[in-house]
Amino acid sequence: MNILIVDDHEESRTYMRHLLQSHDCAVVEAVDGRDGIGKALAYCPDMIVSDSLMPNMDGFQMLMEIKRDEKTRDIPFLFYSGNYIGEQDAELALSLGADAYLLKPMQPGQLWHEIQRRFRKTGKEKEGRYEEKAEDENLRLYGRVVAGKLDEKIRELEQEILQRRETEEKLQALSLGLLERLELERRHVARELHDDIGQALTAVKLSLQSIQRSPDEDGLLRMLQQSIGSIDQAIQRVRNLSLNLRPSLLDDLGLPAALRWLLDRTAGPAGISSELLVADPIDERLPAEIETACFRIAQEALNNAVRHARPKNITIMLQRHGETIDLVVQDDGQGFDLQPSFDRSIKGQSFGLLGMHERADLAGGRLSIASEKGKGTTVTAHFPLRAR
Numbered sequence: 002m003n004i005l006i007v008d009d010h011e012e013s014r015t016y017m018r019h020l021l022q023s024h025d026c027a028v029v030e031a032v033d034g035r036d037g038i039g040k041a042l043a044y045c046p047d048m049i050v051s052d053s054l055m056p057n058m059d060g061f062q063m064l065m066e067i068k069r070d071e072k073t074r075d076i077p078f079l080f081y082s083g084n085y086i087g088e089q090d091a092e093l094a095l096s097l098g099a100d101a102y103l104l105k106p107m108q109p110g111q112l113w114h115e116i117q118r119r120f121r122k123t124g125k126e127k128e129g130r131y132e133e134k135a136e137d138e139n140l141r142l143y144g145r146v147v148a149g150k151l152d153e154k155i156r157e158l159e160q161e162i163l164q165r166r167e168t169e170e171k172l173q174a175l176s177l178g179l180l181e182r183l184e185l186e187r188r189h190v191a192r193e194l195h196d197d198i199g200q201a202l203t204a205v206k207l208s209l210q211s212i213q214r215s216p217d218e219d220g221l222l223r224m225l226q227q228s229i230g231s232i233d234q235a236i237q238r239v240r241n242l243s244l245n246l247r248p249s250l251l252d253d254l255g256l257p258a259a260l261r262w263l264l265d266r267t268a269g270p271a272g273i274s275s276e277l278l279v280a281d282p283i284d285e286r287l288p289a290e291i292e293t294a295c296f297r298i299a300q301e302a303l304n305n306a307v308r309h310a311r312p313k314n315i316t317i318m319l320q321r322h323g324e325t326i327d328l329v330v331q332d333d334g335q336g337f338d339l340q341p342s343f344d345r346s347i348k349g350q351s352f353g354l355l356g357m358h359e360r361a362d363l364a365g366g367r368l369s370i371a372s373e374k375g376k377g378t379t380v381t382a383h384f385p386l387r388a389r
């Protein structure tokens, strides 16, 4: 059996071609109705299987042209389409002379059974059905079907435009939040350098100048000790500043060690009991972007808990399941209403929640937050480890 497939989607044509060729059918393909008419006239197939909604010329228009031409009018014609508004589609298809209107998707065996069954129908049956309705009535029905499909497409486009607008607003809010966060970080670094480290170095300079002028050996020793103390303070402040920007533990020892350090540094000084649970030993290093995303998400979740939730306990859980890694940050604090917080993030009034979601997305993962007033908060990040 020679069959003409008409569909503007390549994957649909490929599926049909493989199915039909597995049953020893010869296959000709066309990409739209206009192309289908040309192929039908050129190859005179034993059957035509067509989509309904296609560019240039849709399946209904093609069917009308096929039935007008004596050379092709008796070729069995099946619609196999995922575009279905209602019974009007099938009614129009049958009134124009189609043998059936089949809905995608169908099981391969069922689809092949329908093709065989329709192929056995006689030309007289098809011709009689085609002449049941006047052509102007067919055109009116066709107009209603096309109008319905256009309405559906317009609704889809409106929804897509709305979703894109919401995405753009979120991206804009995120960009503004990032800029604000960067500016705050710069101000913090500048203040640390000027107020703490700058003052310590100035004190050392003054001490050294005094040493130059002082003949008193005891005074010299005292000023040297003061200078060494000031230098030690400056060194410690530089280390703290560096750790706040990016802890070397994350690069040197990996994620579990960095999370332990983060808990000790964040929860410990606040008097909050903390625990790190690593379900299975993670011997090999995780991809750098996933380690960084997990660390920053945990850092943001911990900071939020310490600042706002007043918890007694905070737990970080890290677990690997085959080719995935899960990070869970849980506290027993006062919790919060999620929607108002997300609304503030979208409006650019708060960066935290949106920033955590964005970090997870950029690393190929997903993030969820569960919180309820009086019942604590759980932040869960899930990352696939397969190559992306």
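Quick note: the sequence shown uses the numbering used here, first residue 2, plus one each step. C-beta: ideal position from N, C-alpha, C; glycine also. Keep in mind that this is a model prediction, so the values were computed, not measured.
Rounded to the nearest angstrom, how far is the Cβ of residue i from that of residue j, given a contact under 8 Å?
i: D47; j: I4; result: 7 Å
i: Q335; j: G375; result: 6 Å
i: V291; j: A364; result: Checking the sequence, you will find Ile at residue 291 rather than Val. So it is a contact: roughly 5 Å between Cβ atoms.
i: L260; j: L277; result: 6 Å
i: L20; j: L112; result: 7 Å
i: S249; j: K313; result: Not quite, the Cβ-Cβ distance comes to about 31 Å (not below 8 Å), so this is no contact.
i: A306; j: A361; result: Contact doesn't hold; Cβ gap of about 18 Å is too wide.
i: G377; j: D333; result: 4 Å
i: I317; j: L287; result: In fact, because the Cβ distance is near 15 Å, the residues do not count as touching under 8 Å.
What are the start and end residues of the alpha helix (DSSP H) that includes residue i?
i: F80; result: It is not in any alpha helix (DSSP H) - F80 instead sits in the beta strand (DSSP E) that spans 78–82.
i: S249; result: 249–253
i: K68; result: 60–69
i: D90; result: 88–96
i: D265; result: 256–267
i: E115; result: 109–120
Taking DSSP's pairing of strands, which residues face residue i in a bridge?
i: P385; result: T325
i: R367; result: H383
i: L278; result: M318
i: E285; result: BP columns for E285 are empty, so no partner.
i: L103; result: Y81
i: M48; result: I4
i: S13; result: Answer by DSSP bridge pairing: none, since S13 is not bridged.
i: Q331; result: T316, T379
i: S208; result: Paired residues: none, contrary to the question.
Could you give the residue range of the beta strand (DSSP E) that holds residue i?
i: R417; result: Past the boundaries of the shown model lies residue 417; the chain is included only from 2 to 389, so the question cannot be answered.
i: A27; result: 27–31
Flag this pair as yes or no: are the beta carbons of residue i and residue j separated by less than 8 Å?
i: S82; j: L42; result: no
i: Q300; j: L263; result: yes
i: L103; j: K68; result: no
i: E285; j: P385; result: no
i: L79; j: I38; result: no
i: A382; j: I298; result: yes
i: F296; j: L354; result: no
i: L221; j: I212; result: yes
i: V28; j: Y44; result: no
i: D100; j: D52; result: no
i: T379; j: Q331; result: yes
i: L339; j: L328; result: no
i: S208; j: Q234; result: no
i: M17; j: F120; result: no
i: I49; j: V7; result: yes
Is any non-hydrogen atom of the ligand MG found closer than 7 Å to the C-beta of residue i, if you look at the structure I gave you?
i: I232; result: For the ligand MG, the structure offers nothing, since it holds no ligand at all.
Practice task
Kindly confirm or deny that the segment 53–64 and the segment 21–36 touch, where touching means at least three C-beta pairs closer than 8 Å.
Solution key: Yes, the segment 53–64 is in contact with the segment 21–36.
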